[in-house]
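Trainee: Have a look at this one before I ask anything.
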Amino acid sequence: MAITAPTNDLEHARRHVRRNFVVLAFLCMAEPLSSTILLPFVYFMVKDFGYEETEIGAKAGLLTSAFFLVQMVSTPVWCIISDRIGRKPCLVFGLVGTAFAMILFGTSQSLPWAIASCALCGLLNGNLAVSRTMVGELAEATGVAKGRTFSIFGFCIGVGWMVGPFIGGSLASPAEQMGFSGPHGLFETYPFLLPCLFSTVYNLSVGTLTLLFLTKTGKLAEQAAHGDDGNDNDETGEN
């Protein structure tokens with residue numbers, strides 16, 4: 001019995017670590033997916049707003065950069081907030097905020113509306129920095145190699161950057177591309193809403209996973225330390 005209990009604690013901690021890394025992997029894909037999903041159709045969106053051909057390039061650039069410009073300012077603030085209230089609440093809030101902002105963006109009827117939606121998305125979302133911090137804390141708390149954990153982080157961001165434009169290009173203007181206008185012609189009225197809805201569903205799904213299954217790093221550290229201490233004591237007793 002003296003050997004089993006600490007071993008079970010350590011194995012329990014390891015299962016939690018694996019589960020946390022899976023949740024963080026999906027979480028790391030959310031932001032790049034949402035921020036790049038507009039790239040294939042941003043030209044057509046600005047054109048639909050009624051701008052001349054010579055104006056579209058500058059307007060599209062302004063629209064695309066709005067998210068990153070605001071996020072550049074808001075991310076340090078979110079990191080400070082996460083130090084005070086915890087990583088998990090900030091991550092969940094960022095995912096829900098992104099989901100809400102993507103619906104606003106998909107229903108945009110003017111350039112200022114679209115820019116404000118992108119800016120709001122950047123304002124509410126500092127998840128990459130917060131999740132990167134949590135990945136490092138998980139590695140340090142549980143003794144997992146940092147090189148391995150951060151390689152997973154980089155891989156998932158790359159997947160998000162790849163999937164985002166693919167979804168945006170595939171689902172934009174479904175009434176024209178697929179003959180699917182949605183309920184009451186919704187996607188004829190808002191031709192760029194469907195890819196944004198995909199992003200919304202993804203962010204809400206990952207937010208639910210985060211809320212239910214992401215464990216605080218402090219708890220994992222305590223479990224791992226308790227298990228390690230128990231194993232050390234057992235080995236000493238055997239000697």
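For the record, in the sequence shown the residue sitting at position 208 is 208 according to full-length UniProt numbering, with numbers rising by one throughout.
Where is the CB? At the ideal position from N, CA and C, for every residue including glycine.
Because the structure is a prediction, the values reported are computed rather than measured.
(1) Got a sec? Which residues, its chain only, sit under 6 Å from Ala99 by beta carbon, not counting five neighbours each side?
(2) Restricting to Cα atoms, I'd like to know which of Met72, Gly143 and Ile167 is closest to Leu124.
(3) Can you tell me where the alpha helix (DSSP H) with Gly147 in it begins and where it stops?
(4) Go ahead and label Val42 buried or exposed: buried means 16 or more other beta carbons lie within 10 angstroms of its beta carbon, across all protein chains shown.
(5) Among residues of its own chain, excluding the 5 on either side of Pro174, which ones have a beta-carbon nearer than 8 Å to its beta-carbon?
(6) Going by the beta-carbon positions, is the gap between Phe67 and Ala119 smaller than 8 Å?
(7) Identify which residue in Thr210, Met162 and Leu138 has its Cα closest to the Cα of Cys39.
(8) Beta carbon of Ser131, beta carbon of Leu91: below 8 Å?
(9) Assign Ile115 to one of three DSSP states: helix, strand, or coil.
(10) For residue 241, does the three-state DSSP call read helix, strand or coil?
(11) Put Gly50 into one of helix, strand or coil per three-state DSSP.
(12) What does the Cβ neighbour count give for Met1, buried or exposed, with the cut at 16 atoms within 10 Å?
(13) Once you ignore the five residues that flank Val159 on each side, which residues in its own chain have a CB closer than 6 Å to its CB?
(14) How close, in whole Å, do the beta carbons of Phe49 and Ser110 come, if the pair is a contact with beta carbons under 8 Å?
(15) Please state the DSSP three-state secondary structure of Leu125.
(16) Count the other C-beta atoms from every protein chain shown that fall within 10 angstroms of the C-beta of Val77, then say buried if there are 16 or more, exposed otherwise.
(17) Take Leu209 as the anchor and find which of Ile152, Phe93 and Gly147 has the nearest alpha-carbon.
(18) Measure the alpha-carbon distance for Asn231 versus Ala145 and round it to whole angstroms.
(19) Compute the Euclidean distance between the alpha carbons of Ala101 and Met134, then round it to the nearest angstrom.
(20) Please state the DSSP three-state secondary structure of Tyr190.
Mentor: The structure says:
(1) Locating residue 99 in the sequence shown gives position 99, counting from the first residue. Contacts found: Thr200, Asn203 and Leu204.
(2) Within the sequence shown, numbered from 1, the residue matching residue 124 stands at position 124. It is Met72.
(3) In the sequence shown, counting from the first residue as 1, residue 147 sits at position 147. Residues Lys146 to Leu171.
(4) Here the question's residue 42 lines up with position 42 in the sequence shown. Answer is buried; the Cβ neighbour count reaches 16.
(5) As a position in the sequence shown, residue 174 is number 174, starting the count at 1. So the qualifying residues of the chain are Phe180, Ser181, Gly182, Phe187, Pro191 and Leu194.
(6) The count along the sequence shown starts at 1 and reaches residue 67 at position 67. The count along the sequence shown starts at 1 and reaches residue 119 at position 119. Pairing Phe67 with Ala119 gives a Cβ-Cβ distance under 8 Å.
(7) Here residue 39 refers to the residue found at position 39 of the sequence shown. According to the sequence shown, residue 39 is Leu rather than Cys. Of Thr210, Met162 and Leu138, the residue nearest in Cα terms is Met162.
(8) Walking along the sequence shown from the start, residue 131 turns up at place 131. Walking along the sequence shown from the start, residue 91 turns up at place 91. The answer is yes: Cβ separation under 8 Å.
(9) As a working note, residue 115 is residue 115 in the sequence shown. Ile115: helix per DSSP, three-state reduction.
(10) The shown model of the chain, from 1 to 239, leaves out residue 241, and the question about it has no answer.
(11) As a position in the sequence shown, residue 50 is number 50, starting the count at 1. Here Gly50 carries a coil assignment [DSSP, helix/strand/coil].
(12) Taking the sequence shown and counting its residues from 1, one reaches residue 1 at position 1. Caution applies to Met1, whose pLDDT of 46 falls short of 50 and renders its modelled position unreliable; the value that the coordinates give is listed next. With fewer than 16 other beta carbons inside 10 angstroms of its own, Met1 counts as exposed.
(13) Counting from one through the sequence shown, the residue named residue 159 turns up at place 159. Result list for Val159: Met29, in chain order.
(14) Counting from 1 along the sequence shown, the entry for residue 49 is found at position 49. Counting from 1 along the sequence shown, the entry for residue 110 is found at position 110. Their Cβ separation, rounded to whole angstroms, is 6 Å, which keeps Phe49 and Ser110 in contact under 8 Å.
(15) The sequence position of residue 125 within the sequence shown is 125, counting from 1. According to the sequence displayed, residue 125 carries Asn and not Leu. Coil at Asn125, not helix or strand.
(16) Position 77 of the sequence shown, counted from the start, is the residue given in the question as residue 77. By the neighbour-count rule (16 or more Cβ atoms within 10 Å), Val77 is not buried but exposed.
(17) Here residue 209 refers to the residue found at position 209 when the sequence shown is read from its first residue. The residue with the shortest Cα to Cα distance from Leu209 is Phe93.
(18) Translated into positions along the sequence shown, residue 231 becomes position 231. Translated into positions along the sequence shown, residue 145 becomes position 145. Low confidence applies to Asn231: its pLDDT is 43, below 50, so where it sits in the model is not reliable enough to give any reading.
(19) On the sequence shown, position 101 is the one that residue 101 refers to. On the sequence shown, position 134 is the one that residue 134 refers to. If I take the Cα positions, the gap works out to 24 Å.
(20) As a position in the sequence shown, residue 190 is number 190, starting the count at 1. Tyr190: coil per DSSP, three-state reduction.
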